[in-house]
Amino acid sequence: MENYLEINKKSWNAKVEPHLKSDFYFVDEFLKGRTSLNSIELGLLGDVKDKKILHLQCHFGQDSISLSRMGAKVTGMDLSDKAIEAGKDLAEQCNTDTEFICSDVYDLPNILNEKFDIVFTSYGTIGWLPDLKKWASVIDHFLKPDGQFVIAEFHPVVWMFDDNFKDIAYNYFNEKPIIETYEGTYADFSAEIVQEYVMWNHSLSEVMQSLMDENLIIEKFQEFDWSPYPCFKHIVEFEKGKWRTEKFGNKIPMVYAISAQKKSS
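Note that UniProt numbering has the sequence shown beginning at 1, numbered continuously upward.
As structure tokens, this is what we get:
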């Protein structure tokens, strides 16, 4: 899929306007000070005051801006130029110094010449990347010695099911690109957009081994039987801000999170 970047950039550009208008992203409340960060990632990030943070695949930067509000110096990057434009506008409205860069993850070392205390990515990001070994090398490249990498991501078990959680439709392992056309968007199933996209499933072993191969020491690995987002069909809120599939309840993992430290030498 040599043109996957072109396809996916077009897809994410199409999502920006309906996402900004959706309840899912609660932009009005966000502008008034509501954070977009969840307990899962906050528990691993800890105190970020005065830390330099690189936020990979930030969409239009609500998490980036939320981290800036906590006192961090944040750079967010995303493939979508429209998302980056929206992120800059949100940061200006929120009066934060959050910086934004439009780039492909793999090309970022050719564009950005800085080192960071923390590299962060979350929720629906790595599935857009074909090569996690290359991804992990980018993380290693940008981390200072003893720097921290934090990822919170949807569990690969979730991506095995079809959209209705009826059948196993996809391979748990990274077998091949998944090329599909989707109507609507996870933030608004009724949105009048039709997008082609290209994705890859990544097993937990692929994620963790890729990080370990780059001399990142995994310090914490967590799995959760709930999602902080209602971004799937047939999902129910069982506690405020926590969703599970109606069919499986707490029987399957929905999210995992990892904290890893770069070796100092």
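Even glycine gets a Cβ: it sits at the ideal position worked out from N, Cα and C. Predicted, not measured: the structure shown is a model, and the values here were computed from it.
Residue range of the alpha helix (DSSP H) that includes residue i
i: H19; result: Y4 to K21
i: Q93; result: D81 to C94
Under 9 Å between C-beta atoms of residue i and residue j
i: I101; j: L216; result: no
i: A136; j: S210; result: yes
i: A260; j: I218; result: yes
i: V198; j: I168; result: no
i: I151; j: F120; result: yes
i: P177; j: H141; result: no
i: E196; j: K10; result: yes
i: L56; j: V105; result: yes
DSSP three-state assignment for residue i, whether helix, strand or coil
i: Y106; result: helix
i: R34; result: coil
i: I258; result: strand
i: A152; result: strand
i: L211; result: helix
i: Y197; result: strand
i: F24; result: helix
i: M70; result: coil
i: V48; result: coil
i: W159; result: helix
Start-to-end residues for the beta strand (DSSP E) that takes in residue i
i: E41; result: That residue, E41, is in no beta strand (DSSP E); its alpha helix (DSSP H) goes S39 to L45.
i: F142; result: Premise fails: F142 lies in the alpha helix (DSSP H), L132 to F142, not in any beta strand (DSSP E).
i: L54; result: K52 to H55
i: L129; result: Taken as a continuous stretch (DSSP letters only), L129 belongs to no beta strand (DSSP E), as it is neither H nor E.
i: I118; result: F116 to S122
i: I168; result: I168 -> no beta strand (DSSP E), and no H or E assigned at all.
i: T181; result: I178 to E183
i: F224; result: L216 to F224
i: N242; result: At residue 242 the sequence reads Lys, which differs from the Asn that was named. Start and end: K242 to T245.
Rounded C-alpha distance that separates residue i from residue j
i: V27; j: Y123; result: 18 Å
i: E114; j: C94; result: 24 Å
i: K233; j: A91; result: 31 Å
i: D78; j: G33; result: 23 Å
i: Y256; j: E29; result: 27 Å
i: F116; j: K263; result: 14 Å
i: N237; j: F161; result: It is worth fixing the name first, because residue 237 is Glu in this sequence and not Asn. If I take the Cα positions, the gap works out to 20 Å.
i: R244; j: I252; result: 9 Å
i: L45; j: V157; result: 25 Å
i: D107; j: F149; result: 19 Å
i: E206; j: I7; result: 24 Å
Cβ neighbours of residue i in the same chain (closer than 7 Å, five flanking residues each side left out)
i: A86; result: V16, L20 and F60
i: N171; result: N201
i: D50; result: G71
i: C58; result: S64, G76, M77, D78 and G87
i: S36; result: F30, Q62, D63 and S66
i: W12; result: L79, S80 and A83
Proximal residues to residue i (C-beta, below 8 Å), its chain only, five neighbours per side dropped
i: F24; result: Y186, A187, D188, Y229, P230 and C231
Close-in-space but distant-in-sequence residues of the same chain around residue i (CB under 6 Å, 5 per side omitted)
i: T125; result: Q57
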